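Every letter in the sequence shown is one number past the one before it in the working numbering, and letter 404, counting from 1, is 482.
One structure is given here, and the rest of the page talks about it.
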Amino acid sequence: MRRMPLAALLSLSAIVAVRAAHAAPQAAGCAWRNDHLSTARRTALLLHALTPGDETDLIAGAGTHEPYVFYTRGLKRFCIPPMGLEDGPAGVGDKLGGVTALPAGVALAATWDPSLARRYGAVIGAEQKAKGTAVDLGPTVNIDRDPRWGRSFESLSEDPYLAARIGVAEIRGIQSTGVMAQVKHFAVYNQETYRNTPEDDVIVSPRALHEIYLPAFRAAVRRAHVASIMCGYATIGGHESCGDKALLTGVLRADWGFRGFVTSDYQAIHATADAAAGADMEQPFATYFGARLTQAVAAGKLARSVPETMTRHILAEMFRFRLFDHPPQGSTTAIVATRADRLAATRIAEAGTVLLKNDGNVLPLDPGHGGTIAVIGPAASIQPVYAGGGSANVVPMQPVPPLAGIDHAPGMTRHVDYVAGLPADKALTPIPPSALSGPFRPTPLHGSFQAVLTAPETGTYVLGITNPCHCYAPTDLSLDGRELLSDPGTPPVSTYSAAVQLRKGERYRLGVTGAASRLTWATPSTLRPDIARAVAAARRAAVAIVVVADDTESEAADRPDLDLPSAQNRLIEAVSSANPHTVVVIDAGAPVAMPWLGKVAAVVDAWYPGETNGTALAAILFGKADPGGHLPVTFPAHLADMPTAPVARFPGTGGRVDYSEGIDVGYRWYSAHHVRPLFPFGFGLSYTHFAFSDLKVVSGPGDGTRPVVVSALVTNAGKVAGSDVAQLYLRFPRSAGEAPLKLVGFRRVRLAPGQSKRLRFTVTPRQTWWWHGSGWTASPGTYRLYLGDAADDAHLAQRVSFPMPQTVGARNVLVEAPEQAIPGQPVKVKVSLSAGGEAMLRHVRLRLDAPAGWRVSAIGSAAGEGIQPGEAVRATFTVTPPGWAAAGTYALRAVAQLGARHCTRGADAGCVTATRDSGAMITLAAR
79 MRRMPLAALL SLSAIVAVRA AHAAPQAAGC AWRNDHLSTA RRTALLLHAL
129 TPGDETDLIA GAGTHEPYVF YTRGLKRFCI PPMGLEDGPA GVGDKLGGVT
179 ALPAGVALAA TWDPSLARRY GAVIGAEQKA KGTAVDLGPT VNIDRDPRWG
229 RSFESLSEDP YLAARIGVAE IRGIQSTGVM AQVKHFAVYN QETYRNTPED
279 DVIVSPRALH EIYLPAFRAA VRRAHVASIM CGYATIGGHE SCGDKALLTG
329 VLRADWGFRG FVTSDYQAIH ATADAAAGAD MEQPFATYFG ARLTQAVAAG
379 KLARSVPETM TRHILAEMFR FRLFDHPPQG STTAIVATRA DRLAATRIAE
429 AGTVLLKNDG NVLPLDPGHG GTIAVIGPAA SIQPVYAGGG SANVVPMQPV
479 PPLAGIDHAP GMTRHVDYVA GLPADKALTP IPPSALSGPF RPTPLHGSFQ
529 AVLTAPETGT YVLGITNPCH CYAPTDLSLD GRELLSDPGT PPVSTYSAAV
579 QLRKGERYRL GVTGAASRLT WATPSTLRPD IARAVAAARR AAVAIVVVAD
629 DTESEAADRP DLDLPSAQNR LIEAVSSANP HTVVVIDAGA PVAMPWLGKV
679 AAVVDAWYPG ETNGTALAAI LFGKADPGGH LPVTFPAHLA DMPTAPVARF
729 PGTGGRVDYS EGIDVGYRWY SAHHVRPLFP FGFGLSYTHF AFSDLKVVSG
779 PGDGTRPVVV SALVTNAGKV AGSDVAQLYL RFPRSAGEAP LKLVGFRRVR
829 LAPGQSKRLR FTVTPRQTWW WHGSGWTASP GTYRLYLGDA ADDAHLAQRV
879 SFPMPQTVGA RNVLVEAPEQ AIPGQPVKVK VSLSAGGEAM LRHVRLRLDA
929 PAGWRVSAIG SAAGEGIQPG EAVRATFTVT PPGWAAAGTY ALRAVAQLGA
979 RHCTRGADAG CVTATRDSGA MITLAAR
């Protein structure tokens, strides 16, 4: 069933079918290339020259034979250049070499530094541009709802505010190079299991949708002015993401005023009708938006205005990014990575590295003194991991594995002794027929294999599977009905492994489902010598560094649990028993289980650090850089503790995925349910320590229309320079029904020993609102602010409160617009701000935003002073589309300013205005 509040938004508008056939004149020298004309005028000129057949060449993909993952041909006779759309979120993807493999998105978010995010985006944009790409498919701003999600590494955070701040900065960086960013995957896409099928039917409340899953996308539109949005694979309340009219048209275009184009994920369009719902471009094939769409228009099943609208959205962004004036010139075969790009990658990897434990200050190490360093683990050298799998994978140009980074660290004179300690996954040997009830034979796509495995001895085994198909179709390995792993065969890894405990003579049901070319193992007898060599090396060394990794995180498959692959947990246990100065380095894109945490001296989470893995790691281990990263996600102590632990919530049952945890996502859940995680959201240690003091309200109190400004002092109380992330959390009055903590501000600071700095934070009116019914509201009461460097009581000692005795309440904007208009002829549009709340409103202003080139004028007053709680505000506007405007559907967005504009000066300068908005769609007929 369609969500009524979202559907109600569409009651404010209607999209009427308008059939407007017109002849296609000759290009006549491509007059639309005149860059003295406005983007809107140029777009209209070109649209008037195109036929429906021409338009399908722009709105439908050209297949997969081009070097770019997505491609549109362009139309040479109309001077329209072709467009390459290329992955991805962490650099130029799809095995296009000669590029920089940046740290994963989660590592970027762990920096909590928008300036680094902008630099990250600029590297991506510059390298994409040099490859001839027009659109970068990234960033991924979906909420990391469950750490088992295969694309956790690719996303930014479990928190919408952090995801929005980092995502906006990255988009600005990408688009500063002249390359369009395509933020993804709109709107609720948080798992790989059942993806692109009706089984992934998300049942989510409007409140959770607007408070948790949509804000990062809204910020991308409203603050970053993102050029494009990718609609995803999920079904939401029975409506496929690329065909959800309430979201694509009602929210995205009418309410937010998005003017770019919406592209489908790979084969995520499932009907020609998705065009009328709000999708603009089908990729990579012309399955539904090619001949079928042209036929639907000719038969009157789709209005002529539909493909015109889709084409207009695409062309407008091409003009905005000057593709007509400067068509992409790069080459996919060019080597585009630069030294500056690698330095940026290293700096981001360092800044995102999180120090989780450092007992006895075992770190940093001295590169010139202290005896032998044992480096242990396949991930240190023979099986290093730089990135996650799938479309976000980037081929490193000059990879530096951890061992090489340690070996070549500046000033290194200590002896380094390397022992793998475990076989690489590719070195696992086939399970012999003697251990199986029937010999394993390779299985095809959608094939299966079942056998009984009899254990020849007792102990830890490693079982492995190889999926050779490279087709993003998972192969599952199970034992006694329990899933051990899911291998999608995506680049760069095709062999996955898992450790199991078996008893000699016991019989186990072994199952393989999907394509598999090899079924392999390592027995306890095979593992024992390698582990023994690692233990011996650890005993000889002053310090043992165990580098472990999870290479099973990938698009197209979710992890069954949080365990490290292979027998890496067993390796850590053995090494830490032999050397109390054991340092564990984790290369993984999401939280992992740490059953050995209490036995090791230090834990460093480097995420997926990109191609300069070893260089950045050495800088952290030897103190050349401070491990300034803080967790952008919560690390759970146990799977059962997670908000998504019930199968009904993840990955779902019976064709539905229940988001019944509501707004209690991530740290909100742990705080609301008094569950102690392994490591809280926002946590991160430093080689120094910081103190927070003197948190106070500078201006306020608020009333839901004015910001609240607070300040606090942060001091480096240690003996070395370092960085910390000051985090501000808000607690609502109980009547609001919000989670106990909500992140509303953060600042990354670097301070010298003894240095202090006063920080200012602005809590905006919108941050004190919550979604109720079909709009925003605010609750009167006492609001509390907490300051510290992690989302738990132990790290939030600074507290202050402010009253909000009266609020703006549930006042919402309504728009009444005609269903259609004619170019050059005026229409009247009514805008109103509903009555509500307890507070009197001052300085109310109503505004109507229309497309570029349209004239808007108020009939009478569009402002009000001293508006009482029971009083509405109304205004009427005359809207005149230009006579040259092309036929199609356009958005009119109404904005109500609820109070005066408030601006601050200094380092935190900025202006805040409380606004509520809504919109309507209007269709222009052809003249």
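Here a beta-carbon is modelled for each residue, glycine too, at the ideal position from N, C-alpha and C.
Since this is a predicted model, take the numbers as computed values, not measurements.
Note: threonine 218 is bridge-paired with Lys262 in the DSSP secondary-structure output. Bridge pairing for methionine 475: absent [DSSP]. Inclusion of proline 811 and serine 857 in the CB contact set at 9 Å is warranted, their separation being smaller than that value. For threonine 693, the enclosing alpha helix (DSSP H) starts and ends at 691-699. In the three-state reduction of the DSSP assignment, asparagine 268 falls in the coil class, being assigned neither a helical nor a strand state. Contact check between the region 367-377 and the region 142-158: fewer than three CB pairs, one atom from each, fall below 8 Å, which does not count as touching. It is roughly 15 Å from the alpha-carbon of phenylalanine 527 to the alpha-carbon of serine 564. As the crow flies, the alpha-carbon of leucine 393 is around 29 Å from that of isoleucine 314. When secondary structure is reduced to three states using DSSP, serine 655 falls in the helix class.
Nearest Cα to glutamate 164 within the set Ala355, Gln361, Ser193 and Phe402: Gln361. Along the length of the region 414-451, whole beta strand (DSSP E) runs at least 3 residues long occupy 432-436, reported in chain order.
Per DSSP, aspartate 135 is one residue of the alpha helix (DSSP H) stretching across 130-137. Pairwise C-beta distances place the region 700-719 out of contact with the region 202-213, as fewer than three of them are shorter than 8 Å. Nearest C-alpha to serine 764 among Gly692, Ala680 and Glu318: Ala680. Contact between isoleucine 244 and alanine 195 holds, with the beta-carbon distance rounding to 5 Å and staying under 8 Å. Remark: three or more beta-carbon pairs, one from each stretch, lie closer than 8 Å, so the region 426-442 and the region 685-698 are flagged as touching. Taking the C-beta atoms as reference points, tyrosine 239 is found no nearer than 9 Å to alanine 265.
Nearest neighbour of phenylalanine 336 by Cα position, chosen from Glu270, Ala355, Ala298 and Glu949, turns out to be Ala298. Burial state of glutamate 584 is exposed, judged by a 10 Å Cβ sphere holding fewer than 16 other Cβ atoms. Using a Cβ-Cβ distance cut-off of 8 Å, the region 303-310 and the region 253-264 are in contact, since at least three pairs of beta carbons, one from each stretch, lie closer than that value. Per the coordinates, the alpha-carbon of alanine 992 lies some 6 Å from the alpha-carbon of glutamine 975. From the listed residues Thr660, Leu640 and Val472, the smallest Cα separation to leucine 649 is found for Thr660.
Taking one beta carbon from each stretch, the region 567-578 and the region 509-523 have fewer than 3 pairs nearer than 8 Å; the two do not touch. In the three-state scheme derived from DSSP, where H, G and I count as helix and E and B as strand, isoleucine 202 is classed as helix.
Measuring C-alpha to C-alpha distances from glutamine 946 to each of Met258, Pro462 and Gly914 identifies Gly914 as the nearest. Setting aside the 5 residues that flank it on each side, phenylalanine 399 is surrounded in the same chain by Gly256, Met258 and Ala305, each with a C-beta closer than 7 Å to its C-beta; the list follows chain order. It is roughly 30 Å from the alpha-carbon of serine 655 to the alpha-carbon of valine 711. The region 749-762 and the region 411-429 do not touch, with fewer than three beta-carbon pairs separated by less than 8 Å. For aspartate 495, the enclosing beta strand (DSSP E) begins and ends at 494-497. Going by beta carbons, alanine 964 and alanine 998 fall outside the 9 Å limit. With respect to the C-alpha of valine 792, the residue from Thr842, Arg836 and Ile900 having the closest C-alpha is Arg836. Boundaries of the alpha helix (DSSP H) harbouring valine 246: 238-253, taken from the DSSP string. Taking glycine 449 as the centre and dropping the five residues before and after it, the same chain places the C-beta of Ala620 closer than 6 Å to its C-beta, in chain order. The DSSP assignment places 786-794 and 800-809 as complete runs of the beta strand (DSSP E) inside the region 777-812, in order along the chain (cut-off: 3 residues).
Take the alpha-carbon of leucine 186 and the one of proline 901: they are about 47 Å apart. DSSP places arginine 925 in no alpha helix (DSSP H) but in the uninterrupted beta strand (DSSP E) bounded by 922-927.
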